[in-house]
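With positions in the sequence shown counted from 1, the corresponding number in our numbering is that position plus 25. Working notes, structure below.
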Amino acid sequence: MFRWLRPLSLILPCLPLVAADPVLPPATWHSISYGNHPRQLLDIWAAPGNGPRPVCLFIHGGGWVMYNRFRSIEAVLQPLLDHGVSVVSIDYRYLREASQDGLVPPVKGPMEDARRALQTLRARAAEWNLNPTRVVTVGESAGACTALWLAFHDEMADAASADPIARQSTRIMGAAVAIAQTSLDPVQMREWTPNSAYGSLAFGIPNRNGKMDFETYLARRDELLPQIIAFSPWHLVTSDDPPVYLFYPKDAPALGQPKQDPTHTANFGLALQERMRTAGIPCELVHRDTPTPAHPTLADWIIWRLTVDKP
């Protein structure tokens, strides 16, 4: 459904197209629990190199309702390992499981699970030979929205907590994301892309006739706005946030115009780029019609940010 990495030639031209998910190199540490829920698991691929390695936290897509930590990671995994960047990939509670746990809105579950995973990799950085000061997030679709949420959110460390993981910082060096939903505000989404129809499940509005009930989402927007603002990346941007990289390989922006795939349109990217430009934050947007991008792929930008750029 959310095959932003197909065709893989858009990102890694040397790889052939395949119908099945590729075989990944074995993780160095597999199925590590970072919480009490069965889905709160992570895998770590340790990169070679001297000293603690910079690290990329991978968050899979699937609308926060499907897929797992191995989905689509192949496009960034080996290039990052080859350049000395370790990779951590996570599972997280789906929306239905977050609802079962009493979380309101349900999107709080996957978002805060990602935050906990980030804090866990910092708390155990010495054990896993990670550099806790050089971390970026990467994600696709809903996972991209989560990755941006982490990048833009104010510090969530609880310095007074008895839990050493909760005391860890949540600030990062940036995010590299593909086909990201950069806003969860239904009014804003319709202004950018008039046929938008995504996001209602994240705020506990059940599907109607097998589809997301966007009209109810719109009708309840004012009631839900405090929750929306808390989890919508566009609304969290401030001048102290890190740079980001936005990748939309199959679309070009046209704000205000309907899109064939409104859930993954580059309109999201252009709107966020404009917001970040106003805040004075670097934002590289690469879309279908970008002629000569400085960094053609997610992996290119991550490698530059973690191993070349010296903020």
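Heads up, the beta-carbon is just placed ideally off N, CA and C, and yes, glycines get one too. All values reported here derive from a predicted model rather than from experimental measurement.
| Asked | Found |
| --- | --- |
| Give me the Cα-Cα distance between residue 194 and residue 137, rounded to the nearest whole angstrom. | 13 Å |
| Quick check on the burial criterion: 16 or more other C-beta atoms within 10 angstroms. Buried or exposed for residue 263? | exposed |
| Measuring straight from C-alpha to C-alpha, what distance separates residue 311 and residue 250? | 30 Å |
| Work out the CA separation of residue 279 and residue 38 for me, nearest whole Å. | Any reading at residue 38 must be qualified, since the residue scores a pLDDT of 30, below 50, and its modelled position is unreliable; the value itself is stated next. Each residue's alpha carbon lies about 27 Å from the other. |
| Go through its chain and collect everything with a Cβ distance to residue 268's Cβ below 7 Å, but skip five positions before and after it. | 199, 306, 307, 308 |
| Ordered along the chain, which non-local residues of its own chain (more than five positions away) have a Cβ less than 6 Å from that of residue 29? | Unreliable placement is indicated for residue 29, whose pLDDT of 37 sits below 50; the coordinate value is still reported in the next sentence. Around residue 29: 165, 203, 204. |
| Using 7 Å as the threshold, is the C-beta distance between residue 288 and residue 223 below it? | yes |
| Please report how far the alpha carbon of residue 185 lies from the alpha carbon of residue 148, in whole angstroms. | 15 Å |
| Helix or strand or just coil, what does DSSP make of residue 328? | helix |
| By DSSP, does residue 281 sit in helix, in strand, or in coil? | coil |
| Quick one: grab the DSSP three-state call for residue 138. | helix |
| What is the DSSP secondary structure of residue 180, reduced to helix, strand or coil? | coil |
| Please report how far the alpha carbon of residue 72 lies from the alpha carbon of residue 240, in whole angstroms. | 47 Å |
| For residue 150, which residues of its own chain have a beta-carbon under 6 Å away from its beta-carbon, when the five flanking residues on both sides are left out? | 157 |
| Cutting at 6 Å between CB atoms, please list the residues of its own chain near residue 207, excluding the five before and the five after it. | 258, 259, 293, 297 |
| What would DSSP say about residue 260, mapped onto helix, strand or coil? | helix |
| Can you check the segment 180-244 for any alpha helix (DSSP H) of at least 4 residues that lies completely inside it and give the ranges in chain order? | 211-217, 239-244 |
| Please determine, among 169, 176, 168, the residue with the shortest C-alpha to C-alpha distance to residue 159. | 176 |
| Per DSSP, which one or two residues make a beta bridge with residue 253? | Answer is none; residue 253 lacks a bridge partner. |
| Which value, in whole angstroms, describes the spacing of the CA atoms of residue 246 and residue 255? | 13 Å |
| Report the option in 197, 116, 100, 111 whose CA atom is closest to the CA atom of residue 60. | 116 |
| Quick check on residue 330: buried or exposed, where buried means 16 or more other Cβ atoms within 10 Å of its Cβ? | buried |
| Leaving out the 5 sequence neighbours to the left and right, which residues in its chain are closer than 6 Å to residue 124 when beta-carbon positions are compared? | 131 |
| Determine whether the beta carbon atoms of residue 68 and residue 111 lie at a separation below 7 Å. | no |
| Below 7 Å between beta carbons: does that hold for residue 85 and residue 78? | no |
| Based on the DSSP secondary-structure assignment, which residues constitute the bridge partners of residue 312? | 273 |
| Using three-state DSSP, classify residue 54 as helix, strand or coil. | strand |
| Look at the Cβ atom of residue 119, then the Cβ atom of residue 90, and state whether they are nearer than 7 Å. | yes |
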